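Residue numbers (the UniProt record's numbering): 1 to 94.
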Amino acid sequence: MKRIPSDWDYYAKEYRWLTRSNLQEVAARGAKTVTIVTDSLAKDGDTVILPTVDERLTALLSVVPGQLLAYYTSLNKGLDVDKPRNLAKSVTVE
């Protein structure tokens, strides 16, 4: 678990307590955590704080930080970001 980074987006207020509990459990096991939130509730691990917007737009706003996190993580690991592995297994072509 210690080598697996964990990205947490929790902006739905009704589930925030549950997500925070799960985040703390993963962090307690030694995983590196990154949280993407709309306020400063996340105190564990690294935090990306988004501006507060209408709750219906929050998920859309979190896409860019999530993509940048994935991009720079791939570069850091020496992976080819233009040729992701196992993509064909998860994408259905119609």
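Cβ coordinates follow ideal geometry from the N, Cα and C atoms, glycine included. As the structure is a computational prediction, the values presented were derived from the model and not from experiment.
Residues sharing a beta bridge with Val37, DSSP: Ile49
DSSP state of Ser21 mapped onto helix, strand, coil: helix
Proximal residues to Thr38 (C-beta, below 7 Å), its chain only, five neighbours per side dropped: Tyr11, Leu50, Thr52 and Thr58
C-beta contact flag for residue 107 and Ser74 at 8 Å: A question about residue 107 goes unanswered here, because the residues of the chain that appear run from 1 up to 94.
Where Arg56 falls: helix, strand or coil (DSSP): helix
Pick from Asp54, Ala27, Leu60 and Arg56 that is closest to Asp46, judged by C-alpha positions: Ala27
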